[in-house]
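Engineer: Have a look at the structure that comes next, please.
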Amino acid sequence: MNITLPDGSIRELEKGSTGLDLANDIGPGLAKAAIAVVVNGSQRDLCDPIIDDSKVSIVTIDSDEGLEIMRHTLSAQVLARAIKNLYPNSKLAIGPTIDDGFYYDFLTEKAISSDDLPKIENEMRNIIASGDSISKSLNTKKEAIKTFKAKQEGYKVDIINDSDQEDNFQIYQQGESDFIDLCRGPHLPNLKHIGAFKLTKVAGAYWRGNSDNEMLTRVYGTAWKSDKELNAYLLRLEEAEKRDHRKLAKEMDLFHFQEEAPGMVFWHPNGWTIYRALEDYMRYRLNNSNYQEIKTPQVVDRKLWEASGHWDKYRENMFITEIDEEHANEKRVNALKPMNCPCHVQVYNQGLKSYRDLPLRLAEFGSCHRYEASGTMHGLMRVRGFTQDDGHIFCTESQIESETAIFIKLLSSIYQDLGFADFSIKLSTRPEVRVGSDAVWDKAEAALENAIKKLSLPYTLEEGDGAFYGPKLDFVLTDAIGREWQCGTFQADFNLPDRLDAEYIGEDGSKHQPVMIHRAILGSFERFIGVLIENYSGRLPLWLAPRQVVIASIISDVDSYVDEVAQLLKLKGVRVETDKRNEKISYKVREHSAAKVPVIMVIGKKEAEERSLSVRRLGSDKNISYDLDHIIDEISHESKSPHSS
Ligand code: ZN
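Numbering (numbering that gives the first Met the number 0), first residue to last: 0 to 644.
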């Protein structure tokens with residue numbers, strides 16, 4: 000049979016050869032490093048026979064796929080075996096991988112706490128030190144049930160019973176140990192490939208996520224290729240905890256959440272000031288980029304959602320309301336808009352459009368509501384009520400490329416202003432199931448790709464990841480501690496204009512359908528503010544800081560000079576507060592620094608006499624003396640948003 004390798008070369012191997020045979024055929028180095036194979040797109044164990052002509056790639060620990068397999072083996076094999084060694088009467092449930100790590104759920108007789116983690120880690124190290132190889136057997140449903148019944152592993156029996164598969168249940172074993180586990184695999188061929196790991200926490204979790212079932216113990220861990228990478232990750236985690244926007248929001252008094260409105264933000268004056276500064280800046284940038292701002296309704300009849308297709312596809316995420324219309328017998332069913340797009344088409348559809356009106360760029364700071372499961376919400380990062388910096392461009396097919404280029408330039412300038420010089424682009428192309436002809440997809444994909452290429456920007460291709468209605472670009476920015484946040488998006492849509500009857504009169508005098516482009520730069524204001532707070536550790540640039548300047552007096556004799564300076568700054572549009580309390584100056588400085596006020600001006604007798612100021616910048620422990628006019632000019636200039644006059 001012929002095996003096609005990723006570089007296109009072909010190797011002839013005997014039918015039934017395994018991934019390991021293939022690796023050996025290529026070279027001994029690869030055979031040693033190989034941990035699994037991908038056969039025609041699906042991951043397999045190294046020991047699985049390949050039975051037909053196939054495309055095969057060898058997986059090593061150096062790839063993301065390899066790392067994932069290592070994490071999975073650590074969880075399902077090593078952690079689970081350690082638990083059985085230490086707590087022989089425990090019952091095994093499931094052990095999947097998650098971002099950066101893994102967890103395992105099991106039932107124990109005695110509660111396990113985080114104090115037990117070092118002991119479990121030790122046992123895991125002992126197991127790994129054995130360097131056992133991992134083998135597997137294939138079983139019929141009956142055999143598999145019998146095996147796990149004998150082991151009194153009821154959860155495994157449940158999983159097998161619920162499967163519609165009749166055979167090929169994979170049971171993995173390590174060396175001569177009597178530990179076995181049921182798994183889809185693949186696993187490492189032996190424990191020698193395991194890198195560095197750490198168990199991170201213990202939590203409770205219901206079997207199958209159902210609170211009618213018993214509560215299991217869930218042990219979380221993280222695993223990496225080497226100690227160096229593990230330590231870097233742990234440092235990043237620690238750093239992320241320090242920057243957690245929920246914690247900083249309390250210190251800076253920005254917002255809160257409460258039970259009566261889960262996932263919806265109660266903005267406090269300080270938080271709302273940040274929001275408005277960002278909104279003003281975005282409005283300014285959009286106006287200058289030929290967008291026209293609009294506002295569309297919050298509550299819209301289900302008829303429109305039916306027409307747009309959301310009622311069918313997205314209803315479970317929508318907040319639905321019923322209203323008794325005063326003089327009608329029928330109830331009217333509405334939904335809070337989960338997105339603005341259908342409403343924007345309604346605005347477009349008012350009045351006949353001609354090709355001369357295109358491209359038409361409509362922008363809205365659109366408040367949307369989406370029902371997210373309560374367990375998935377996370378401060379500002381995931382909410383139910385949010386405001387998109389939304390916009391839709393209606394254009395012709397031939398305008399997609401230029402619109403893409405214009406958009407990317409705007410986005411990159413805005414990210415730069417907000418402190419994110421570093422962003423990456425993902426281009427997602429046609430999925431299996433889609434609307435629109437191949438000719439239209441060809442054109443749109445080429446338009447997006449050409450625009451990025453002409454701007455000389457790097458991008459990654461995500462083949463088949465586009466929406467059913469068109470190809471898209473996603474923009475991912477990198478924050479100060481290397482975390483990635485997907486914020487911007489640019490999606491061509493051939494579907495909605497058709498469903499909602501958008502059209503224009505072309506140069507030829509007949510009707511055409513415009514392409515609709517959905518685009519956002521921040522994504523949502525709420526989440527982006529969360530990202531900003533974490534990126535800057537709360538130390539926002541002056542123009543975004545809620546309180547830009549606090550003027551603190553050392554003695555009450557200088558109060559009138561304090562007020563005079565505050566008035567001068569206010570006239571220049573600076574957000575300034577005074578602190579004339581009868582407190583020690585060191586106490587005042589400490590308090591305002593903790594609240595992340597970027598500029599603290601200190602005024603004592605000397606300053607009042609000289610008409611000068613002593614200025615302390617956040618993060619510095621030095622006071623610098625300035626004369627009044629100079630510092631007023633400097634601060635008022637710095638407090639303006641970039642690009643504003
Ligand atoms: Zn849209």
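No residue lacks a Cβ here, since even glycine has one placed at the ideal position from N, Cα and C.
Note down, in chain order, each residue of its chain lying with its Cβ closer than 7 Å to the Cβ of LYS14, except the 5 sequence neighbours on either side.
Structural biologist: Closer than 7 Å at the Cβ level, and outside the excluded window around LYS14, lie MET0 and ILE50.
Engineer: With burial defined as no fewer than 16 other Cβ atoms inside 10 Å of the residue's Cβ, what is the status of ASP300: buried or exposed?
Structural biologist: Classification of ASP300: exposed, given that the 10 Å Cβ count is below 16.
Engineer: So who's on the other strand from TRP223, going by DSSP bridges?
Structural biologist: TRP223 pairs with ALA195.
Engineer: Given a cut-off of 8 Å, decide if VAL298 and LEU247 are closer than it, judged by their beta-carbon atoms.
Structural biologist: Contact: no.
Engineer: When the Cα of VAL530 is compared with those of CYS46, ASP6 and LEU277, which residue comes out closest?
Structural biologist: Cα-wise, what sits closest to VAL530 is LEU277.
Engineer: Does the separation of the CB atoms of ILE550 and MET600 fall below 8 Å?
Structural biologist: Their beta carbons are under 8 Å apart, which means ILE550 touches MET600 by this criterion.
Engineer: Within 10 angstroms of its Cβ, does ARG526 collect 16 or more other Cβ (buried), or is it exposed?
Structural biologist: Burial call: buried.
Engineer: Beta-carbon distances below 5 Å to any heavy atom of the ligand ZN define the shell here; list its residues in chain order, please.
Structural biologist: The filter returns CYS340 and HIS517, in chain order.
Engineer: Given a cut-off of 8 Å, decide if ALA491 and ILE516 are closer than it, judged by their beta-carbon atoms.
Structural biologist: Result yes, Cβ atoms of ILE516 and ALA491 sit closer than 8 Å.
Engineer: I'd like the list of long-range same chain contacts for ALA594, defined as Cβ closer than 6 Å, with 5 residues on each side in sequence excluded.
Structural biologist: Around ALA594: MET251.
Engineer: Quick check on the DSSP output: the beta strand (DSSP E) that includes GLU321 runs from which residue to which?
Structural biologist: Segment 319-323, the beta strand (DSSP E) holding GLU321.
Engineer: Using 10 angstroms around the beta-carbon of MET69, count the other beta-carbons present and answer buried if the total reaches 16, otherwise exposed.
Structural biologist: Label assigned to MET69: buried.
Engineer: Could you give the distance in angstroms between the alpha-carbon of ILE119 and the alpha-carbon of SER225?
Structural biologist: Cα to Cα, the separation comes out at about 20 Å.
Engineer: For ALA217, count neighbouring C-beta atoms within 10 Å of its own C-beta (all shown protein chains included) and say buried if the count is 16 or more, exposed if not.
Structural biologist: What sits at residue 217 in the sequence shown is Arg, not Ala. Buried, by the Cβ-count rule.
Engineer: Scan the stretch 34-116 and note each continuous beta strand (DSSP E) run of 3 residues or more that stays entirely inside, going in chain order.
Structural biologist: DSSP runs (the beta strand (DSSP E)) wholly in the stretch 34-116: 41-44, 53-59 and 100-106.
Engineer: What do you get for GLU402, buried or exposed, if any count of 16 or more other CB atoms within 10 angstroms of its CB means buried?
Structural biologist: Buried is the call here.
Engineer: Anyone know if the C-beta pair for ALA143 and ILE159 falls short of 8 Å?
Structural biologist: Yes, Cβ-Cβ distance for ALA143 and ILE159 is below 8 Å.
Engineer: Please specify which runs of the alpha helix (DSSP H), each continuous and at least 4 residues long, are wholly inside the stretch 497-551, giving them in chain order.
Structural biologist: Taking only runs of at least 4 residues, the alpha helix (DSSP H) segments lying wholly in the stretch 497-551 are 524-534.
Engineer: Evaluate the contact criterion for the stretch 372-386 versus the stretch 401-418: three or more CB pairs, one atom per stretch, below 8 Å.
Structural biologist: No contact exists between the stretch 372-386 and the stretch 401-418.
Engineer: Within the same chain, show all residues whose beta-carbon is closer than 8 Å to that of PRO261, passing over the 5 residues directly before and after it, in chain order.
Structural biologist: These residues qualify, in order along the chain: SER373, MET376 and ARG383.
Engineer: Using a Cβ-Cβ cut-off of 7 Å (strictly less than) and excluding sequence neighbours within five positions of PRO185, which residues of its own chain qualify?
Structural biologist: ALA35, GLN42, ARG43, ASP44 and ILE68, listed in sequence order.
Engineer: From TYR171 to LYS135, what distance separates their C-alpha atoms?
Structural biologist: So the alpha carbons of these two residues sit roughly 4 Å apart.
Engineer: Hey, out of LEU357, ILE82, THR386 and ARG616, whose CA is closest to ILE504's CA?
Structural biologist: With distances taken between Cα atoms, ILE504 lies closest to LEU357.
Engineer: For GLY203, which residues of its own chain have a beta-carbon under 6 Å away from its beta-carbon, when the five flanking residues on both sides are left out?
Structural biologist: Only MET214 meet the Cβ criterion.
Engineer: Per DSSP, which residues does GLN297 bridge with? Please list them.
Structural biologist: Partner(s): none; GLN297 has no beta bridge.
Engineer: Look at GLU649 and GLY463 and say whether their C-beta atoms are less than 8 Å apart.
Structural biologist: Nothing in the structure corresponds to residue 649, since the chain is present only between 0 and 644.
Engineer: Could you name each continuous alpha helix (DSSP H) segment of 4 residues or more that falls completely within the stretch 588-616, going from the start of the chain to the end?
Structural biologist: 604-609, all fully within the stretch 588-616.
Engineer: Which two residues bound the contiguous alpha helix (DSSP H) that contains ILE407?
Structural biologist: 399-416 is the span of the alpha helix (DSSP H), which, as asked, contains ILE407.
Engineer: Hey, quick one: how far does the beta strand (DSSP E) through THR272 stretch, first residue to last?
Structural biologist: First-last for THR272: 268-286, but that is the alpha helix (DSSP H), not the beta strand (DSSP E).
Engineer: Nearest to LYS90 by CA position, among GLN76, PHE105 and THR320, is which residue?
Structural biologist: The residue with the shortest Cα to Cα distance from LYS90 is PHE105.
Engineer: Mapping the DSSP letters down to three states, classify LEU19 as helix, strand or coil.
Structural biologist: Helix.
Engineer: CB-CB under 7 Å to ASP441, same chain, minus the five flanking residues each way: which ones, in chain order?
Structural biologist: None.
Engineer: Buried or exposed: LEU666, going by 16 or more other Cβ atoms within 10 Å of its Cβ?
Structural biologist: The requested residue 666 is not part of the displayed model; the chain covers only 0 to 644.
Engineer: Could you pull the start and end residues of the alpha helix (DSSP H) that TYR625 belongs to?
Structural biologist: That residue, TYR625, is in no alpha helix (DSSP H); its beta strand (DSSP E) goes 622-626.
Engineer: CA-CA distance, GLY420 and VAL58?
Structural biologist: According to the sequence shown, residue 420 is Ala rather than Gly. The straight-line gap from Cα to Cα measures roughly 34 Å.
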